[in-house]
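Heads up: the sequence lines are chains A and B, in that order. Letter 355 of the first sequence, counting from 1, is numbered 355 in this note's numbering, and no numbers are missing. Every position in the second sequence, counted from 1, becomes a number in this note's numbering once 373 is added. From the three backbone atoms N, C-alpha and C, an ideal C-beta is built for every residue, glycine too. Notes to accompany the following structure.
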Amino acid sequence: MEKSTTAPPVSFFQRIIRGRWIGKFMLAAISILVTVGIAFKASQSPALFFQQLINGLQLGFVYALIALGYTMVYGIVRLINFAHGDVFMVGAFVSYFAIANFQLHAWPSAVIPEINPVISLVIGTISVIFLAMATCGFLAVTIERVAYKPLRDAPRISALITAIGVSFFLEYFGALPFVFTSNFITYKRPFEVTTWYIQNGIHHLEAGVEAPTGSVLFSNILIIIIIISLLLLASLQFIVRRTKVGKAMRAVSYDKPTARLMGINVDGIISVTFAIGAALAGAAGVLYATAYPQVVFWMGITPGLKAFVAAVLGGIGSIPGALVGSLIMGQAEVLSAGYISTPMRDAIAFTILILVLLVRPTGIFGEPEREKA
Amino acid sequence: MLLEVKDIHVYYGAIHALQGISFQVNEGEIVTLIGANGAGKSTSLNTISGILHPRTGGVSFRGHDITLTPAEEIVRLGICQSPEGRKIFAPLTVMENLEMGAYTRKDRGEISRGIERVFKSFPRLKERQNQLGGTLSGGEQQMLAMGRALMSQPTLLLLDEPSMGLSPILVEEIFNIIQEINSEGTSILLVEQNAQMALSVAHRGYVLETGQIVLEGASNALLDNPQVHEAYLGGH
Numbered sequence: 001m002e003k004s005t006t007a008p009p010v011s012f013f014q015r016i017i018r019g020r021w022i023g024k025f026m027l028a029a030i031s032i033l034v035t036v037g038i039a040f041k042a043s044q045s046p047a048l049f050f051q052q053l054i055n056g057l058q059l060g061f062v063y064a065l066i067a068l069g070y071t072m073v074y075g076i077v078r079l080i081n082f083a084h085g086d087v088f089m090v091g092a093f094v095s096y097f098a099i100a101n102f103q104l105h106a107w108p109s110a111v112i113p114e115i116n117p118v119i120s121l122v123i124g125t126i127s128v129i130f131l132a133m134a135t136c137g138f139l140a141v142t143i144e145r146v147a148y149k150p151l152r153d154a155p156r157i158s159a160l161i162t163a164i165g166v167s168f169f170l171e172y173f174g175a176l177p178f179v180f181t182s183n184f185i186t187y188k189r190p191f192e193v194t195t196w197y198i199q200n201g202i203h204h205l206e207a208g209v210e211a212p213t214g215s216v217l218f219s220n221i222l223i224i225i226i227i228i229s230l231l232l233l234a235s236l237q238f239i240v241r242r243t244k245v246g247k248a249m250r251a252v253s254y255d256k257p258t259a260r261l262m263g264i265n266v267d268g269i270i271s272v273t274f275a276i277g278a279a280l281a282g283a284a285g286v287l288y289a290t291a292y293p294q295v296v297f298w299m300g301i302t303p304g305l306k307a308f309v310a311a312v313l314g315g316i317g318s319i320p321g322a323l324v325g326s327l328i329m330g331q332a333e334v335l336s337a338g339y340i341s342t343p344m345r346d347a348i349a350f351t352i353l354i355l356v357l358l359v360r361p362t363g364i365f366g367e368p369e370r371e372k373a
Numbered sequence: 374m375l376l377e378v379k380d381i382h383v384y385y386g387a388i389h390a391l392q393g394i395s396f397q398v399n400e401g402e403i404v405t406l407i408g409a410n411g412a413g414k415s416t417s418l419n420t421i422s423g424i425l426h427p428r429t430g431g432v433s434f435r436g437h438d439i440t441l442t443p444a445e446e447i448v449r450l451g452i453c454q455s456p457e458g459r460k461i462f463a464p465l466t467v468m469e470n471l472e473m474g475a476y477t478r479k480d481r482g483e484i485s486r487g488i489e490r491v492f493k494s495f496p497r498l499k500e501r502q503n504q505l506g507g508t509l510s511g512g513e514q515q516m517l518a519m520g521r522a523l524m525s526q527p528t529l530l531l532l533d534e535p536s537m538g539l540s541p542i543l544v545e546e547i548f549n550i551i552q553e554i555n556s557e558g559t560s561i562l563l564v565e566q567n568a569q570m571a572l573s574v575a576h577r578g579y580v581l582e583t584g585q586i587v588l589e590g591a592s593n594a595l596l597d598n599p600q601v602h603e604a605y606l607g608g609h
């Protein structure tokens, strides 16, 4: 029907609701408040501020690796895979056992004793990460086949509840005394931590020595996390953009029946998506445990939730969104812990989510759900 | 005989969509299924493609029973469908859409020869090869949908409503290309609401009405049939 040229007057309140002005106003007010507050504190102690940024970067990249799994799985089967955080936990434990019980990180020097110890460590660490990735990938494909695939055509809520069930299963199966036990276990890093401080140049920090006040610390863990995350992100981008499987993943996520008409094995592509997402979470598990060296059966819950929030913040289903959302989450968490209050940091992270969704319900990079014919 | 559909009954839940339909496509033919909306034309194609499976009756292709073969296998056997509404992968580029059409093919050289062939038939796709599928016009999307289906090098091409929503000039162009594809050796099963157009290019035709075949015969005979004239050709 043609709309008449004189539109009916829109009431003041309707205009506020339609324009999402309350959300915009709150977001603007809080952003200004936070920016001013942080700028003030940062000017008092720039070193502390940069220290927080570095810590946030480290956390953000780990979240990104987890968030990608959420976003990829959502993109292809429209399921929030709540068991994803627990797959991350399994990845951390696999690497723990591989290092503590089997010295997998030292295998090259065990096989060839005269090998350069640095090269041995690099190959060994990469092997540990690969093992965790492979195990998690296999685990996720099994979960998908057993728990989610039979519910593919069921209402979405059924699959969602199943995902929560799988999550509990992984946690409490892990808590059994003959599996991971319910204790905190100290994680043995595959390599020693080396710390540097920045103050008029980069200096090596000797063990047991206080860093001078006003310096910014960083460790090889930060560098390793960033390098490995960027490598994995680049490989993911390559797979999704350039390979046949990646193109098929995008085709399947857009339109499953037509993908089948082209001869694409939709179930196979869904399995591959679960495997890739879980492998990234497995790598994240190793990196997280290396950075915060403690493993316990419930360790996946909070990072899993945070990464989920990051994925929604960035726009669920969007790969760049997952990265940007995670980096924002990492900074938000560390800055609020540093400047506002440590116990409040999780609440603040979720407040950011609510505010962004008030203004952009589909997230930063999200596109509105399109109608399908 | 290339394709034989024998007395298939297809249901959507409790709805009896195809009530015992039989038809054949011979090597090198263009066969058309015409009929009104909801007569069961697309259902027939989707049953052949393996998206739907008949409750009773059978489909055989080159003598093999494919009644229960899954859709992705059927493409490998040499049947590919260009679905109703074109169903282009909007977030993929034109080139990527064509590559998805070649999903079942392994030989890279053969795939790039296939792409060249599609570009020869549809030069406009070549100009737009790096554009996203969703940004194409309706006619270009139809060309892409047909090109994509041809990428699997099918023996039998299923076309569902290729003229839908296109201007008369474009319809003319699309039907010329359909004949061209057929002359190069691909058999075609064409579903159309535009009966006039469909019968003018097809060798034989079947008329569907509420899940049953009510008439069949050579295209010329159907074009001259007063009943067909009355119901599908606007009566003049």
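- Would you kindly report the start and end of the unbroken beta strand (DSSP E) that includes Thr429 of chain B? 429-434
- Query: Which class does Arg189 of chain A belong to by DSSP, given the choice of helix, strand or coil?
  - Reply: coil
- Task: Evaluate the contact criterion for the stretch 337-349 of chain A versus the stretch 15-25 of chain A: three or more CB pairs, one atom per stretch, below 8 Å.
- Result: no
- So, is Leu68 of chain A buried or exposed, given that buried needs 16 or more other C-beta atoms within 10 angstroms? Leu68 of chain A should be labelled buried.
- Item | Ser525 of chain B: contacting residues in chain A (beta-carbon distance under 9 Å) | Met262, Gly263
- Message: Assuming contact is defined by CB atoms lying nearer than 9 Å, are Leu280 of chain A and Leu65 of chain A in contact in what I supplied?
- Response: yes
- Same chain, Cβ closer than 6 Å to Ser167 of chain A, neighbours up to 5 away in sequence not counted: Within the same chain, Ser167 of chain A has close Cβ partners Phe82, Ala83, Asp86.
- 6 Å CB neighbourhood of Ala604 of chain B in its chain, flanking five on each side removed: none
- How would you list, in chain order, the residues of chain A whose beta-carbon sits under 7 Å from the beta-carbon of Thr477 of chain B? Taking the beta carbon of Thr477 of chain B as reference, the chain A residues within 7 Å of it are Gly263, listed in sequence order.
- Uninterrupted alpha helix (DSSP H) stretches inside the stretch 80-156 of chain A (no shorter than 4 residues): 84-100, 107-111, 117-143
- Message: Here's the rule: buried if 16 or more other CB atoms are within 10 angstroms of the residue's CB, otherwise exposed. What is Tyr187 of chain A?
- Response: Looking at its Cβ environment, which holds 16 or more other Cβ atoms inside 10 Å, Tyr187 of chain A is buried.
- Contact belief for Gly91 of chain A with Gly304 of chain A at Cβ below 8 Å, rounded distance in angstroms: At roughly 12 Å, the Cβ-Cβ gap does not stay under 8 Å, so Gly91 of chain A and Gly304 of chain A are not in contact.
- Message: If the cut-off is 8 Å on Cβ atoms, which residues from the stretch 226-260 of chain A count as contacting chain B, listed in chain order?
- Response: Lys244, Lys247, Ala248, Arg250, Ala251, Tyr254, Asp255, Pro257, Thr258, Ala259, Arg260
- Going by Cα to Cα distance, which pick from A:Ser95, A:Phe97, A:Thr125 is closest to Ser109 of chain A? A:Thr125
- Query: What is the residue span of the beta strand (DSSP E) that Leu287 of chain A lies within?
  - Reply: It is not in any beta strand (DSSP E) - Leu287 of chain A instead sits in the alpha helix (DSSP H) that spans 266-291.
- With a cut-off of 8 Å, do at least 3 Cβ pairs link the stretch 302-320 of chain A to the stretch 357-364 of chain A? Flag = yes, the stretch 302-320 of chain A and the stretch 357-364 of chain A touch.
- Item | Chain-ordered chain A contacts of Glu469 of chain B [CB-CB under 7 Å] | Taking the beta carbon of Glu469 of chain B as reference, the chain A residues within 7 Å of it are Lys247, listed in sequence order.
- Task: Indicate whether at least one CB of chain B lies closer than 9 Å to the CB of Met73 of chain A.
- Result: Before going further, note that residue 73 of chain A is Val rather than Met in the sequence given. Closer than 9 Å: no.
- Task: Note the first and the last residue of the continuous alpha helix (DSSP H) segment covering Tyr70 of chain A.
- Result: 46-77
- Cross-strand partners of Ala591 of chain B (DSSP beta bridge): B:Arg577
- Message: So that I know if they touch, is there some Cβ in chain A lying closer than 9 Å to that of Lys414 of chain B?
- Response: no
- List the residues of chain A whose Cβ lies closer than 7 Å to the Cβ of Phe495 of chain B, in chain order. Going along chain A, no residue has its Cβ under 7 Å from Phe495 of chain B, so there is no contact; the nearest lies around 17 Å.
- Please list, in chain order, all residues of the same chain as Gln504 of chain B whose beta carbon is under 8 Å from its beta carbon, the five residues on each side excluded. Closer than 8 Å at Cβ, skipping near neighbours: Thr466, Val467.
- Task: Please report how far the alpha carbon of Ile461 of chain B lies from the alpha carbon of Phe178 of chain A, in whole angstroms.
- Result: 52 Å
- 8 Å contact criterion, which Leu595 of chain B and Val601 of chain B should meet: CB distance rounded: Rounded to whole angstroms, the Cβ separation of Leu595 of chain B and Val601 of chain B is 5 Å, and the two are in contact under 8 Å.
- Query: Is there a Cβ from chain B that is less than 9 Å from the Cβ of Val266 of chain A?
  - Reply: So, interface residue.
- Does Val378 of chain B have its Cβ less than 9 Å from a Cβ in chain A? Interface criterion not met: the Cβ of Val378 of chain B is under 9 Å from no Cβ in chain A.
- What is the DSSP secondary structure of Leu160 of chain A, reduced to helix, strand or coil? helix
- Message: Between Ser422 of chain B and chain A, is any beta-carbon pair separated by less than 9 Å?
- Response: yes
- Got a sec: which bits of the stretch 449-464 of chain B sit with their beta carbon under 8 Å from any beta carbon on chain A, in order along the chain? Arg449, Cys453, Gln454, Pro456, Gly458, Lys460, Phe462, Ala463, Pro464
- Task: Anything in chain A within Cβ reach of Glu445 of chain B, meaning under 7 Å, just list it in chain order.
- Result: Against chain A, the beta carbon of Glu445 of chain B has neighbours under 7 Å at Arg260, Gly263, Ile264, Asn265, listed in chain order.
- Query: Since Val544 of chain B contacts Lys414 of chain B with CB under 8 Å, what's their CB separation in whole angstroms?
  - Reply: No, Val544 of chain B and Lys414 of chain B are not in contact; Cβ-Cβ is about 17 Å, not under 8 Å.
- Under three-state DSSP, which class holds Thr613 of chain B? The structure shown has nothing for residue 613 of chain B, since chain B only spans 374 to 609.
- Item | Minimum C-alpha distance to Thr71 of chain A - residue among A:Ala278, A:Leu357, A:Val286 | A:Ala278
- Query: Who are the Cβ neighbours of Ala373 of chain A in its own chain at under 7 Å, not counting the five residues just before and after it?
  - Reply: Annotation note: pLDDT 35 at Ala373 of chain A (below 50); position unreliable, coordinate value reported separately. Contacts found: none.
- Message: Please state the DSSP three-state secondary structure of Gly393 of chain B.
- Response: Residue state, collapsed to three classes: strand.
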